[in-house]
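Quick note, in the numbering used here, the sequence shown goes up one by one and the last residue is 353.
We put the CB at the ideal spot given by N, CA and C, even for glycine.
Right, one structure below, let's go through it.
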Amino acid sequence: MIGKLIGAFAGAQASKHTRSIGGTGGAVLGALAVPIIGRMRLPALLALGAGAYAAKKLGEKGKKAAPAE
């Protein structure tokens with residue numbers, strides 16, 4: 285129960301940094317992520333982390349390549 289509350293809080297805070305997800309949507313996603321991540325095995329968690337890191341690096345690379353206005 286406490287894990288879901290912490291996940292909801294983290295999701296609500298993370299949603300402040302994105303345009304497509306509101307505070308309530310972020311809280312719901314954060315609360316749902318806790319039991320899903322809890323059921324994942326270590327290789328799946330490592331693959332998820334590597335994918336998130338790769339997506340972050342690609343996003344940063346795209347921002348650098350875009351011409352500044």
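C-beta contact flag for residue i and residue j at 7 Å
| i | j | result |
| --- | --- | --- |
| G287 | A315 | no |
| A311 | G322 | no |
Whole-angstrom distance between residue j and residue i, CA atom to CA atom
| i | j | result |
| --- | --- | --- |
| K300 | A331 | 26 Å |
| G309 | M285 | 19 Å |
| L313 | K347 | 26 Å |
| G335 | F293 | 24 Å |
| A317 | L342 | 24 Å |
| M324 | Q297 | 24 Å |
| Y337 | L289 | 25 Å |
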